[in-house]
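One structure is given here, and the rest of the page talks about it.
Residue numbers (our numbering), protein chains in the order written: chain A, 748 to 1067; chain B, 748 to 1067.
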């Protein structure tokens, strides 16, 4: 097996994804598991990392670059937030070294927005935007140092980010995914959606939910209860109710992003799989023009590679 | 002890309240417990009721009128919903008899709104409005048969009801209280509000939350996450965060009620205790004029008395 240039790891609350990369960022091997934060804290972060690397036969001389909740206060080693506005290339320069690890291990910082009225935080998404920023630079516009525009990163806590010239200017997090899970499993809506398969992005009930929330977001608290009443009174199918629930929450998020960040045309949607398809459909309902899409997983890997390239460069950079 | 004319019971998901009343509705005695639906189903509904009545020495000849979730599918005996629009005096006429009970026991029906786009249900609140309706009639306007106007009944599932001439025309339920509990205990906001005392209606953070949600209800999903970020970044006190959480959700409810039901001036707020004070403050922030207040508990007791008076009248009425 070829010895990789570095290892990159996206280590979140509930998942662990590792890639070994060559110097150009090509994937040599990968590992995935459900060893998120809680599981890994119990087992030992280094033990989890090294067991995957042993399985791949990666020697101790190969350094590892990480991002995600592994750098939170309850992770392996806290990587303090950088304050927005902040240039994304600062991420790599300010990566935090994990002391006394068997190999060189660094964790990328998250970003904090310390505005009094709109405090916000991200940890992991900044790395995906590092890939976007690099892409802007490589596009070769002489007058541009990095990506300009809006990015939407759907998830448990969806992020909408305003990027200017390769820097994160400001951002807004929406609790969309978490609300969906809370309502789907722990509320009076639960029986109305119980056993429903994943939401079909083509479902008319999804699009109607998006449209209704965009038109009158203030009624969402009422429309949620109507899902229960529809189940009680009219036996609305669970897949229809769940598609509507998802549409209402995503529609409200888009309405909120518009209020916070202005026109959403040209937004880059950084998402994978089911979320990508749902948000594309929702963006169409909201008549957001010129949407581009990037695969979330590719972005996190490319962002980590970019950071590793800078931080582990023989000539300098280094890791604080 | 005087023998009561009848017994009335408000039997909900998580509480049991019983009063013995004379023929004019004056309270002779009362009993309260946490024997809600689940607890009572296990113990046996009749057993729960009779143990309280035995403690008060109420003979088997005294009939009992009930309302609330005791009449749901998972209650003692299902009392089928009446369809809105419906006159409130029909409630008593269509009370459902519990068969084979030791004494005459009747349960008031809830109300269903079977509109295709806005299905909704209530069970318990209709009885409080029966009291309001009776009050309108007693006010002695010759040209009025009952209360006209809007009623707001805060709770786990807050109801906003349009009443016309003693009939429930239409209503909208908001999941405000349930969302508050879900977010307070089971979400990433939980640590930001953990251990906070009940919300102080005079807290500036509560009023600001109401105002912010009224101004831009579509941003509530973002403002919720800001509560967590404020805790992480700025150590916002838990009582301030919880007051803001409550304000945001109640503000969004009021914005939604306005969208659904139009001008809210003159709304009768049917509430007790902490909810009454919070909603009065929120109504003031929303500049709702001419708000009247009725005590929720008094209303349910008076509504049940009115129903008992009609249904158990020696001369007729009767119970189906």
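Ideal Cβ placement from N, Cα and C applies to all residues, glycine included.
Beta carbon of residue i, beta carbon of residue j: below 8 Å?
i, j, result
"residue 986/B", "residue 948/B", "no"
"residue 929/B", "residue 960/B", "no"
"residue 850/A", "residue 795/A", "no"
"residue 1057/A", "residue 882/A", "no"
"residue 1001/A", "residue 898/A", "no"
"residue 1077/B", "residue 829/B", "The displayed coordinates of chain B run from 748 to 1067. Any statement about residue 1077/B would go beyond what the structure contains."
"residue 752/A", "residue 770/A", "yes"
"residue 964/B", "residue 964/A", "yes"
"residue 1015/A", "residue 1036/A", "no"
"residue 1041/A", "residue 914/A", "no"
Return the CA-CA distance between residue i and residue j, expressed in angstroms with no decimal places.
i, j, result
"residue 991/B", "residue 903/A", "22 Å"
"residue 889/B", "residue 1053/B", "With a pLDDT of only 49 at residue 889/B, under the threshold of 50, the placement of this residue in the model should not be trusted, and no figure is reported."
"residue 1013/B", "residue 869/A", "45 Å"
"residue 958/B", "residue 993/B", "12 Å"
"residue 919/A", "residue 951/A", "28 Å"
"residue 826/A", "residue 749/A", "31 Å"
"residue 893/A", "residue 927/B", "42 Å"
"residue 761/B", "residue 874/B", "18 Å"
"residue 907/A", "residue 859/A", "14 Å"
"residue 818/A", "residue 981/B", "19 Å"
"residue 1010/B", "residue 832/A", "43 Å"
"residue 803/A", "residue 836/A", "30 Å"
"residue 900/A", "residue 998/A", "15 Å"
"residue 784/A", "residue 916/A", "29 Å"
"residue 764/B", "residue 786/B", "14 Å"
"residue 984/B", "residue 866/A", "14 Å"
"residue 876/A", "residue 1046/A", "7 Å"
"residue 931/B", "residue 905/A", "20 Å"
"residue 1023/A", "residue 923/A", "14 Å"
"residue 912/B", "residue 1020/B", "29 Å"
"residue 801/A", "residue 778/A", "11 Å"
"residue 862/A", "residue 1006/B", "31 Å"
"residue 872/A", "residue 799/A", "24 Å"
"residue 847/A", "residue 974/B", "36 Å"
"residue 791/B", "residue 797/B", "10 Å"
"residue 896/A", "residue 843/A", "28 Å"
"residue 1032/A", "residue 1003/B", "22 Å"
"residue 775/A", "residue 925/A", "34 Å"
"residue 1051/B", "residue 1043/B", "12 Å"
"residue 956/B", "residue 962/B", "10 Å"
"residue 838/B", "residue 789/B", "28 Å"
"residue 853/B", "residue 946/A", "43 Å"
Closest by CA to residue i, which one among the options?
i, options, result
"residue 767/A", "1060/A, 1061/A, 1049/A, 1025/A", "1049/A"
"residue 1008/B", "921/B, 762/B, 1019/B, 1032/B", "921/B"
"residue 772/B", "1055/B, 1060/B, 788/B", "1055/B"
"residue 757/A", "770/A, 811/A, 1032/A, 791/A", "811/A"
"residue 989/B", "1005/B, 972/B, 787/B", "972/B"
"residue 815/A", "779/A, 775/A, 759/A", "759/A"
"residue 1034/B", "954/B, 946/B, 1042/B, 782/B", "954/B"
"residue 813/B", "754/B, 864/B, 861/B", "754/B"
"residue 941/B", "978/B, 862/B, 1059/B, 834/B", "978/B"
"residue 845/B", "863/B, 793/B, 910/B, 775/B", "793/B"
"residue 878/A", "946/A, 925/A, 864/A, 910/A", "910/A"
"residue 976/A", "864/B, 853/B, 852/B, 838/B", "864/B"
#### Entry: Segment contact flag, the region 929 to 936 of chain A with the region 961 to 968 of chain A, C-beta cutoff 8 Å, min 3 pairs
As far as the Cβ criterion goes, the region 929 to 936 of chain A does not touch the region 961 to 968 of chain A, which means the pair count is below three.
### Query
Can at least three beta-carbon pairs, one atom from the region 1018 to 1030 of chain A and one from the region 810 to 829 of chain A, be found at a separation below 8 Å?
Using a C-beta cut-off of 8 Å, the region 1018 to 1030 of chain A makes no contact with the region 810 to 829 of chain A, since fewer than three inter-stretch Cβ pairs fall below that distance.
### Task
List in chain order: all unbroken alpha helix (DSSP H) runs of 4+ residues lying wholly within the region 996 to 1053 of chain B.
With a minimum length of 4 residues, the continuous alpha helix (DSSP H) runs that stay inside the region 996 to 1053 of chain B are 1020 to 1032.
### Message
Runs of 4 residues minimum, wholly inside the region 772 to 818 of chain A: which ones carry the alpha helix (DSSP H) assignment?
### Response
Correct list: 784 to 790, 792 to 803.
### Task
Can you check the region 823 to 866 of chain B for any alpha helix (DSSP H) of at least 4 residues that lies completely inside it and give the ranges in chain order?
If only uninterrupted alpha helix (DSSP H) runs of at least 4 residues are considered, those enclosed by the region 823 to 866 of chain B are 837 to 840.
### Message
Which runs of the alpha helix (DSSP H) at least 4 residues long sit entirely within the region 962 to 993 of chain A? Give them in chain order.
### Response
Counting only runs of 4 or more, we get 967 to 981.
### Query
What alpha helix (DSSP H) runs, 4 residues minimum, are completely inside the region 917 to 953 of chain B?
Listed in chain order, the complete alpha helix (DSSP H) runs (minimum 4 residues) inside the region 917 to 953 of chain B are 923 to 933, 937 to 940.
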